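Residue numbers (the working numbering), protein chains in the order written: chain A, 1 to 179; chain B, 180 to 546.
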Amino acid sequence: MTGEDETVADPLAKALFTAASLARDLRGATKEAAGAICFSELAHRLLRPDGRGADAVLDRAFGNPKLAPAAEALLRRIALAEFPAAAAASSGGLEMRERDSYRLRLATSLAADGPTYLLIEQAQPGAELPRLLVALQPGMRPEYAVLPEADTLPLQLMFDADAPFLRAFRNPDSRLFLT
Amino acid sequence: MTAGAKRVRVFIATTRGAVRVVRISAENPTVRSALCLSGSLAALPVSADYDSFVREPTGVVERQTGHPVYRTDLSATIEGGESWQLGLFVAHLLKHEDLLAEGDEPAETDLLVTGRLDRDLNIGTVDHVREKLERAGMAGSGRGLFVLPAGGDIPDSAGGWQVLPVDHPGQALSACLGTETFESRYGALRSSPPRGRWPPLAGKRIAAAAGIASAGLMAAVLYSSIIQREEAAPERTSGGAGSMMQLEIVPRGEQGCGAPVVVAPQANVFAGPACAGIVTVGRDGEFRIMASVSGDFLSYADPRRYRRELHRVISGGDRLVLRIDFPYWVRQPVRLNVDVTQLAMDGEPVLSAKRSIELRPAGSFHF
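1. Applying a beta-carbon distance threshold of less than 8 Å, which residues of chain B neighbour Gly114(A)?
2. When you compare the region 432-444 of chain B with the region 468-485 of chain B, are there three or more beta-carbon pairs, one atom per stretch, that lie closer than 8 Å?
3. Between the region 216-231 of chain B and the region 139-158 of chain A, do three or more beta carbon pairs fall short of 8 Å?
4. When DSSP builds the beta bridges, which residues end up paired with Met424(B)?
5. Beta-carbon within less than 8 Å of Ala453(B)'s beta-carbon, same chain only, minus the 5 sequence neighbours each way: which residues are those?
6. Listing by chain order, which chain A residues have their CB less than 7 Å from the CB of Thr288(B)?
7. Using the C-alpha atoms, what's the distance from Cys38(A) back to His132(A)?
8. Per the DSSP calculation, Phe505(B) is bridged to which residue(s)?
9. Rounded to a whole number of angstroms, what is the C-alpha to C-alpha distance between Gly349(B) and Glu310(B)?
10. To the nearest angstrom, how far is it from the Cα of Pro164(A) to the Cα of Leu253(B)?
11. With Ala150(A) as the anchor, note down where its alpha helix (DSSP H) starts and where it stops.
12. Would Leu220(B) pass as an interface residue toward chain A - the criterion being a Cβ-Cβ separation below 7 Å?
13. Specify, as a first and last residue, the run of the beta strand (DSSP E) that Ser363(B) falls within.
14. Within the same chain, show all residues whose beta-carbon is closer than 7 Å to that of Gly259(B), passing over the 5 residues directly before and after it, in chain order.
15. In whole angstroms, give me the CA-to-CA distance for Met524(B) and Gly323(B).
16. Does any C-beta atom of chain A lie closer than 7 Å to the C-beta of Arg211(B)?
17. Using only alpha-carbon positions, find the residue among Leu46(A), Arg170(A), Ala9(A) that is nearest to Gly93(A).
18. Ordered along the chain, which non-local residues of its own chain (more than five positions away) have a Cβ less than 7 Å from that of Asn447(B)?
19. For Gln156(A) and chain B, any beta-carbon pair shorter than 7 Å?
20. How should Met423(B) be labelled, buried or exposed, when 16 other C-beta atoms within 10 angstroms of its C-beta is the threshold for buried?
21. Here's a check: name, in chain order, each residue in its chain whose Cβ is nearer than 8 Å to the Cβ of Arg76(A), leaving out the five neighbours to either side.
22. For Arg415(B), does the count of other Cβ atoms within 10 angstroms reach 16, so buried, or fall short, so exposed?
23. Based on the DSSP secondary-structure assignment, which residues constitute the bridge partners of Ala222(B)?
24. Between which two residues does the beta strand (DSSP E) holding Ala337(B) run?
25. Consult DSSP for Phe159(A) and reduce its assignment to one of helix, strand or coil.
26. Of all the residues that make up the region 140-152 of chain A, which are near chain B by a beta-carbon distance shorter than 9 Å?
27. Classify Tyr402(B): buried if its beta carbon has 16 or more other beta carbons within 10 angstroms, exposed otherwise.
28. Is DSSP giving Ala455(B) helix, strand or coil here?
29. How do the region 125-143 of chain A and the region 182-202 of chain B stand: do at least 3 beta-carbon pairs fall below 8 Å, yes or no?
30. What are the start and end residues of the alpha helix (DSSP H) that includes Val308(B)?
As structure tokens, then:
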């Protein structure tokens with residue numbers, strides 16, 4: 001009997017070898033799966049964006065050049081309305097966008113240091129209640145606004161005047177999606 | 180800050196503790212009123228109900244203050260229900276007269292309030308009154324009043340809070356400001372409810388509650404003074420087209436809305452920022468007053484908010500008073516149009532008078 005045979009025959013050595021091999025396999029699998037996003041999880045976050053980790057999932061999906069096209073395709077498929085990139089009416093940014101049954105409108109506060117309001121209004125009858133507004137800007141991080149739960153439109157959100165979402169909204173090159 | 184003003188801090192009594200009204204800000208009329216946690220931009224879930232409570236035709240705040248949208252910061256969340264209505268209404272009235280203690284401003288009186296309020300300013304009862312008082316903690320200022328509906332459960336005074344059951348919001352204001360200040364600041368409140376809907380100000384509950392006798396007496400004095408003023412008020416007339424009516428403009432100054440100024444019958448322009456117009460008819464008979472504010476701003480504002488109508492029979496020396504507020508954020512001239520018609524018993528017009536005044540803000544505004 002060789003020494004190798006003796007090692008194999010040793011039950012303790014065999015168990016240790018098996019455990020080490022399994023641990024190596026698991027480490028590799030975990031590393032490989034770290035960047036992956038489950039398709040159903042992404043869809044869930046787009047439709048029900050409240051809850052922990054929603055931003056992280058959306059960031060990973062839209063921030064990864066390999067995943068972004070698929071994520072955008074999914075977004076387009078489940079969106080209630082898509083607001084395409086638009087030419088600005090003047091040198092300033094867009095303050096209102098309207099598409100299908102929805103109108104998105106910004107309104108400034110009367111107070112000097114007050115918030116900027118975003119209103120999601122019904123432009124035509126039959127508008128469903130959306131839960132998320134996504135702004136996709138070319139070459140920039142996507143911005144999300146989780147909409148408040150309500151029974152009817154309009155919905156209203158408040159932002160600091162310099163909020164990144166407002167910059168994305170006003171950017172004529174941005175495309176917006178309501179889900 | 181108004182000189183000599185008695186500032187009041189307002190708390191909403193909830194089963195989770197007292198929630199302070201930290202700040203009230205008039206907002207862009209094209210948005211919705213919102214209740215926010217102080218320092219946060221997240222609207223509380225009751226914001227939709229608050230918007231309905233503020234904005235006409237469903238709301239009562241706009242009717243009193245002339246502005247349809249507010250953002251109100253609270254010290255803690257209010258989950259739901261309607262018991263916040265009376266407290267926020269009182270807070271709005273105080274804010275309108277610059278008497279609400281906001282932020283770190285000191286206060287002479289703390290008001291802890293619970294109660295519902297309907298469109299005719301009738302106060303509705305609420306549940307868990309004792310629990311709300313227990314959880315409110317101690318009154319912070321030298322004087323604390325727990326304002327609650329007179330028609331419901333009334334606990335004993337506790338924690339420095341003197342229990343004050345009320346039938347009408349005016350009682351809470353008169354109790355914390357005094358009759359004189361209430362009279363001078365909130366005279367317009369008297370003319371707002373539909374005729375005959377004023378509830379008696381002193382009730383059995385008030386007399387029965389410990390420590391309430393003085394407030395009840397003050398309310399009774401206030402009520403009688405209102406009656407006397409209405410009965411003793413001389414008929415005010417003006418000549419020309421406005422012979423049936425008197426038109427006054429409430430100017431806007433550094434300290435907010437000022438004392439009404441009578442507009443001469445021949446005048447057709449009012450120069451300077453203005454808060455509101457007041458039309459008064461002092462004759463006996465059935466009258467209809469229609470007032471509206473017109474201008475370019477109506478292309479983006481709801482015209483219904485700038486059109487008011489009052490139709491009543493007046494007798495015994497009473498006066499019919501209609502107040503219409505102006506869009507004070509508008510810098511371009513606007514026009515106030517008033518039409519007063521006296522009606523016969525069959526409802527047909529007998530006499531009519533019209534006035535039209537151009538309001539020129541002259542570029543000077545104070546929010």
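Note that CB positions come from ideal geometry on N, CA and C, so glycine has one too.
Quick caveat: nothing in here was measured; it's all calculated off a predicted structure.
Taking the definition as stated:
1. Under the 8 Å cutoff, chain B gives Ser204, Glu206, Arg250.
2. Under the Cβ criterion (8 Å, minimum of three pairs), the region 432-444 of chain B does not count as touching the region 468-485 of chain B.
3. Counting C-beta pairs with one atom in each stretch, the region 216-231 of chain B and the region 139-158 of chain A have three or more that are closer than 8 Å, which means they touch.
4. In the DSSP assignment, the residues bridged to Met424(B) are Val460(B).
5. Within the same chain, Cβ atoms closer than 8 Å to the Cβ of Ala453(B) are found at Ile428, Val429, Pro430, Arg431, Phe505, Tyr507, Leu538, Pro540, the five residues on either side in sequence being excluded.
6. Contacts between Thr288(B) and chain A, judged by CB atoms closer than 7 Å, are missing: the closest CB pair is about 26 Å apart.
7. Per the sequence shown, residue 132(A) should be read as Leu rather than His. Approximately 19 Å between the Cα atoms of the pair.
8. None, per the DSSP bridge assignment.
9. Rounded to whole angstroms, Gly349(B) to Glu310(B) spans 25 Å at the Cα level.
10. CA-CA distance, Pro164(A) to Leu253(B), rounds to 26 Å.
11. That residue, Ala150(A), is in no alpha helix (DSSP H); it is neither H nor E in DSSP.
12. Interface residue, yes.
13. Segment 358-364 is the alpha helix (DSSP H) holding Ser363(B); no beta strand (DSSP E) there.
14. Closer than 7 Å at the Cβ level, and outside the excluded window around Gly259(B), lie Pro224, Val225.
15. Taking the straight line joining both Cα atoms gives about 51 Å.
16. Yes, Arg211(B) lies at the interface with chain A (some Cβ there is under 7 Å from its Cβ).
17. Among Leu46(A), Arg170(A), Ala9(A), the Cα nearest to that of Gly93(A) belongs to Arg170(A).
18. The residues are Ser535, Ile536, Glu537.
19. For Gln156(A), the closest Cβ of chain B is nearer than 7 Å.
20. With a 10 Å radius around the Cβ and a threshold of 16 neighbouring Cβ atoms, Met423(B) comes out buried.
21. Correct list, in chain order: Glu82, Phe177.
22. Because the pLDDT of Arg415(B) is 35, which lies under 50, any placement of that residue in the model is unreliable, and the number read from its coordinates should be weighed accordingly. Counting Cβ neighbours within 10 Å, Arg415(B) comes out exposed, since fewer than 16 surround it.
23. According to DSSP, residue pairing for Ala222(B) in a beta bridge involves Cys215(B).
24. Annotation for Ala337(B): no beta strand (DSSP E) segment contains it, and DSSP assigns it neither H nor E.
25. Residue state, collapsed to three classes: strand.
26. Closer than 9 Å at the C-beta level to chain B, one finds these residues of the region 140-152 of chain A: Pro148, Glu149, Ala150, Asp151, Thr152.
27. Caution applies to Tyr402(B), whose pLDDT of 35 falls short of 50 and renders its modelled position unreliable; the value that the coordinates give is listed next. Result: buried.
28. Residue state, collapsed to three classes: strand.
29. Cβ pair count under 8 Å is below three, so no.
30. Val308(B) -> alpha helix (DSSP H) spans 308-313.
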